[in-house]
Amino acid sequence: MSLEDKKLWLFDVDNTLIHDVENPKPFSDSQKLWKHLNEKGKELAVLTNVGRLSAKQVNVILVEAGYDLSLDRTLTAGTAAAGYIISRNPDGRCFLISEGGARDDFVHYGVKLAHNPPIDYVAIGADRGLTYQHLNFAAKMVRSGAALICISGSRDYPGEFLGHRDEFLGERSIVAAIEDATGVEATIVGKPMPEIVRESIMLLGFEKEDVVLVGDNPASDVAGGNAAGLTTVLVNRPDNIVSFDARNLDMEPDYAVDSLEEIIPMV
Ligand SMILES: [Mg+2]
Numbered sequence: 005m006s007l008e009d010k011k012l013w014l015f016d017v018d019n020t021l022i023h024d025v026e027n028p029k030p031f032s033d034s035q036k037l038w039k040h041l042n043e044k045g046k047e048l049a050v051l052t053n054v055g056r057l058s059a060k061q062v063n064v065i066l067v068e069a070g071y072d073l074s075l076d077r078t079l080t081a082g083t084a085a086a087g088y089i090i091s092r093n094p095d096g097r098c099f100l101i102s103e104g105g106a107r108d109d110f111v112h113y114g115v116k117l118a119h120n121p122p123i124d125y126v127a128i129g130a131d132r133g134l135t136y137q138h139l140n141f142a143a144k145m146v147r148s149g150a151a152l153i154c155i156s157g158s159r160d161y162p163g164e165f166l167g168h169r170d171e172f173l174g175e176r177s178i179v180a181a182i183e184d185a186t187g188v189e190a191t192i193v194g195k196p197m198p199e200i201v202r203e204s205i206m207l208l209g210f211e212k213e214d215v216v217l218v219g220d221n222p223a224s225d226v227a228g229g230n231a232a233g234l235t236t237v238l239v240n241r242p243d244n245i246v247s248f249d250a251r252n253l254d255m256e257p258d259y260a261v262d263s264l265e266e267i268i269p270m271v
């Protein structure tokens with residue numbers, strides 16, 4: 005199927021539509037393609053690996069950067085993890101460790117949050133206020149049968165917290181402690197693992213054959229999109245590439261361009 009026949013265009017956010025969420029300067033080639041797709045009546049959505057911010061926060065950033073985008077088309081690792089739980093067990097009780105963004109997404113999608121047993125899912129996002137009690141309870145619940153979910157998959161990340169700029173331990177490192185304590189392996193709902201893409205497509209109500217994924221990173225966007233069976237477009241951006249472990253996933257895009265304006269005549 006040609007690009008012209010595709011119905012949904014799913015864009016990465018950081019370094020694809022905008023520089024990054026802390027510096028949301030838009031790329032002009034992305035804005036031109038976005039506008040063109042809009043005029044052609046294509047469905048547009050975004051999928052970001054960020055789990056610290058809620059979909060609402062990401063949506064406000066993108067709308068202010070000039071992208072015409074609704075909240076229900078703004079997907080994050082948090083919304084995909086919520087979809088993962090709801091599609092498997094809508095009544096499942098979930099103990100969530102998160103700084104706040106994923107909590108808003110879980111509430112928005114109707115996940116039943118709980119702080120006491122029984123717990124069906126333990127979901128872990130980055131949380132710089134995490135306590136020993138929370139970590140210990142999470143491990144206990146996993147040991148007694150709860151499924152373990154990692155919301156996105158950063159080992160560490162740069163940031164500023166309570167006036168202090170540093171590299172911080174990410175969700176993958178917190179999950180590693182629980183995996184080590186319990187012997188249970190987590191499901192990672194984050195690029196490049198295909199679950200984040202599959203759940204997002206399902207939430208949006210499309211089939212994989214109808215979807216194009218556009219991103220800047222072969223090891224996250226392209227690998228995840230390919231693994232989920234989508235058509236992939238890679239835009240080469242020389243700076244600001246975040247490193248991911250794509251394991252043995254296919255990182256070869258269907259289309260590779262130096263500017264997204266090259267895609268416009270194909271649609
Ligand atoms: Mg990116």
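Quick note on my numbering: the sequence shown kicks off at 5 and runs consecutively. All C-beta atoms in this analysis are idealised placements derived from N, C-alpha and C, irrespective of residue type, glycine included.
Check your understanding: Who are T83's beta bridge partners in DSSP?
Key -> Within the sequence shown, residue 83 is the residue found at index 79, counting from 1. Beta-bridge pairing by DSSP links T83 to no other residue.
**Study point:** V126 (DSSP reduced to helix, strand or coil)
**Key:** The count along the sequence shown starts at 1 and reaches residue 126 at position 122. Here V126 sits in strand by DSSP.
Practice item. Determine the direct distance from the alpha carbon of R202 to that of K11, and round the result to whole angstroms. Key: Your numbering for residue 11 matches position 7 in the sequence shown. Your numbering for residue 202 matches position 198 in the sequence shown. Cα to Cα, the separation comes out at about 16 angstroms.
Check your understanding: Should E211 be labelled buried (16 or more other beta-carbon atoms within 10 Å of its own) or exposed?
Key -> Within the sequence shown, the letter at position 207 stands for residue 211. When all chains shown are included, E211 counts as exposed.
Practice item. Enumerate, from N- to C-terminal direction, the unbroken alpha helix (DSSP H) stretches of 4 or more residues contained entirely within the region 143 to 170. Key: Within the region 143 to 170, no complete alpha helix (DSSP H) run reaches 4 residues.
Point to revise | Cutoff 8 angstroms; reference I268; Cβ partners in own chain excluding five residues on either side | key: Numbered from its first residue, the sequence shown carries residue 268 at position 264. Taken in chain order, the residues that qualify are K36, L37 and H40.
Practice item. Report the three-state DSSP secondary structure of H23 (helix, strand or coil). Key: Locating residue 23 in the sequence shown gives position 19, where the first residue counts as 1. The answer is strand: DSSP assigns H23 an E or B state.
Check your understanding: Rounded to whole angstroms, how far is the Cβ of I286 from the Cβ of I128, which I believe are closer than 8 angstroms?
Key -> Residue 286 lies beyond the stretch modelled for the chain, which goes from 5 to 271, so this question has no answer here.
Check your understanding: Candidates I22, V146, T80 and V67: which alpha carbon is nearest V193's?
Key -> The residue you call residue 193 lines up with position 189 of the sequence shown. Here the closest residue by C-alpha is T80.
Point to revise | Unbroken alpha helix (DSSP H) run spanning G45, endpoints | key: In the sequence shown, residue 45 corresponds to position 41, counting from 1. No alpha helix (DSSP H) contains G45, which DSSP labels as neither H nor E.
Check your understanding: Taking one C-beta from the region 145 to 152 and one from the region 104 to 113 each time, how about it: are there three or more such pairs within less than 8 angstroms?
Key -> Touching, no, given that fewer than three Cβ pairs across the two stretches are closer than 8 angstroms.
Point to revise | DSSP bridge partner residues for W13 (one or two, in chain order) | key: As a working note, residue 13 is residue 9 in the sequence shown. Answer is L48 and V216, bridged to W13.
Exercise for review: For D108, count neighbouring C-beta atoms within 10 Å of its own C-beta (all shown protein chains included) and say buried if the count is 16 or more, exposed if not.
Suggested key: Here residue 108 corresponds to residue number 104 of the sequence shown, with the count starting at 1. D108 should be labelled buried.
Review point. Given 8 angstroms as the limit, is there contact between the region 15 to 28 and the region 206 to 224, that is, 3 or more CB pairs closer than that?
Key: Touching, yes.
Practice item. Tell me whether R77 sits in a helix, a strand or coil according to DSSP, three-state version. Key: Along the sequence shown, one-based indexing puts residue 77 at 73. Helix, per DSSP.
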